[in-house]
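Residue numbers (this note's numbering): 1019 to 1353.
Step one of this worksheet: look at the structure below.
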Ligand SMILES: [Zn+2]
C-alpha cells in the first residue's frame, strides 16, 4: 500500500507552497476529450502550406524549400513589433507597451506529435529554438525575456492541431521567472552554492524521482511538483543561458526531452501537455555572474488537472499524485 501524502511542501527556489493531498482523488486520467475531426483535419490546416496560406515566413530549416521546421510570424501576436518606449502610468498603475516578437515554429508533418519525433527531428527542433532565440535576443531593446514553449492538445491550449512551438519576447521579466531567478540568487548569496546543484545532488542521493538520464542531462519529477507527473530536465553541467548551450549537446537534449515525453505518453494514455524552457533573462548588468547561481532547464507539464477555486484563491496548487509514485510509473514506462 502506498503511503498517502498530506502535507504542504515549499519550493526551495520560488518559496511557493504546494499542497500534496494524494488521498483526494484517484490517479488523474490523461485521456483526451473526443477530438472532433475539424480540429484534426489536414484540409483546413493553416500550417500545411505556410506560403499558400499567407503566413509571414521568417525562415525555414534547413532551408525554405525543403523545410523540416519553419519559423513564421504569429498572425494574432500577443506582443507586437514596435518602438520600445518608457513605461508610463494610468492612475496608480504601471503600463508598458506590449512590444516584442511572437513567432510560431511549425514542424513539417501534420500528424507527427512532438512526442513521436525521431532523435533527428528533436535535434532539429533544439537547433531551431536556439537559433531563433539568439536572433530575437540580439534584435534590439525592450527584450527582457524570451520564452520558448510548446502546447500539445486542445486542453493544453493548442488552438491548431498541427505540431508547433511558440517563441515570445517580453519587455518585462515574467513573475515566475523573476521568482526563480532572484530566489536562486538569494540562495547563492546565503549558501555560496547553486540551489539547482543542491537539488540534483539530493535527487541522485535519494534515487526515487529520477526518470531518465543520458551523458549530459537528467530528468526527474521534482519533490515539490506543482502538477501531477511534472518532469524537469537539467543539464548536468550547469549553464545559465539555454541559447549558449554548446551545439554538441543538441542531440542529448533532444534525447532526454523526447524520452520524457514518450514516457508520459505511454504511462498516461497520451495526455495533452505543455513544455517550456526557463532560461536566464536576456541581458542584465550581471550577465556573467548568472552562471554562478542560475541553471536553465525545461519543465514538462502533462495537462491532467485544472486550477479551481482553491488554487485561484490561494496561489497554492493541490497535487494529488506523490512525485515518488509519478516517477516510478514514468521510469517503468519503456519507450
Ligand atoms: Zn497541418
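Note that CB positions come from ideal geometry on N, CA and C, so glycine has one too.
Extent of the continuous alpha helix (DSSP H) run through residue i
i, result
"residue 1235", "Unbroken run through residue 1235 is the beta strand (DSSP E), 1235 to 1238; no alpha helix (DSSP H)."
"residue 1334", "Careful: residue 1334 lies outside any alpha helix (DSSP H) and carries neither H nor E."
"residue 1342", "1341 to 1350"
Same chain, Cβ closer than 8 Å to residue i, five either side skipped, listed in chain order
i, result
"residue 1163", "1187, 1188, 1190, 1191, 1192, 1195, 1299 and 1300"
"residue 1066", "1060, 1128 and 1180"
"residue 1105", "1112, 1113 and 1114"
"residue 1039", "1023, 1024, 1336, 1337 and 1338"
"residue 1350", "1285"
"residue 1068", "1075, 1088, 1090 and 1124"
Beta-carbon contacts of residue i that lie in its chain and below 6 Å, excluding the five residues immediately before and after
i, result
"residue 1205", "1213"
"residue 1339", "1246"
"residue 1133", "1279, 1280 and 1283"
"residue 1335", "1036, 1244 and 1329"
"residue 1345", "1227, 1229 and 1239"
"residue 1071", "1064"
"residue 1348", "1229, 1281 and 1285"
"residue 1309", "1258"
Backbone CA spacing between residue i and residue j [nearest angstrom]
i, j, result
"residue 1117", "residue 1292", "25 Å"
"residue 1269", "residue 1093", "31 Å"
"residue 1289", "residue 1317", "16 Å"
"residue 1029", "residue 1319", "17 Å"
"residue 1156", "residue 1021", "50 Å"
"residue 1166", "residue 1237", "19 Å"
"residue 1103", "residue 1260", "28 Å"
"residue 1254", "residue 1177", "35 Å"
"residue 1122", "residue 1131", "16 Å"
"residue 1217", "residue 1341", "14 Å"
"residue 1126", "residue 1168", "15 Å"
"residue 1058", "residue 1332", "37 Å"
"residue 1141", "residue 1171", "22 Å"
"residue 1153", "residue 1100", "17 Å"
"residue 1224", "residue 1242", "14 Å"
"residue 1327", "residue 1083", "49 Å"
"residue 1294", "residue 1107", "32 Å"
Which of helix, strand or coil DSSP assigns to residue i
i, result
"residue 1058", "helix"
"residue 1126", "coil"
"residue 1111", "strand"
"residue 1134", "helix"
"residue 1029", "coil"
Residue i - containing beta strand (DSSP E), residue span
i, result
"residue 1022", "Element bounds for residue 1022: n/a, residue is neither H nor E."
"residue 1037", "1035 to 1039"
"residue 1107", "1106 to 1108"
Beta-carbon contacts of residue i that lie in its chain and below 7 Å, excluding the five residues immediately before and after
i, result
"residue 1232", "1270, 1273 and 1274"
"residue 1019", "Unreliable positioning characterises residue 1019 in this predicted model, as indicated by a pLDDT of 48, which lies under 50. The coordinate reading is nonetheless provided below. None."
"residue 1353", "1277, 1280, 1281 and 1284"
"residue 1265", "none"
C-beta neighbour in chain B for residue i, strict 7 Å
i, result
"residue 1027", "Reference to chain B is not applicable here, since this structure consists of a single protein chain."
* Kindly provide the ranges of any alpha helix (DSSP H) runs that are 4 or more residues long and lie completely inside the region 1145 to 1227, ordered along the chain. => 1193 to 1209 and 1213 to 1224
* Which residue spans inside the region 1062 to 1094 form an unbroken beta strand (DSSP E) run of at least 3? -> 1075 to 1079 and 1087 to 1091
* **Completely contained alpha helix (DSSP H) runs for the region 1245 to 1325, where each covers 4 or more residues** => 1268 to 1285
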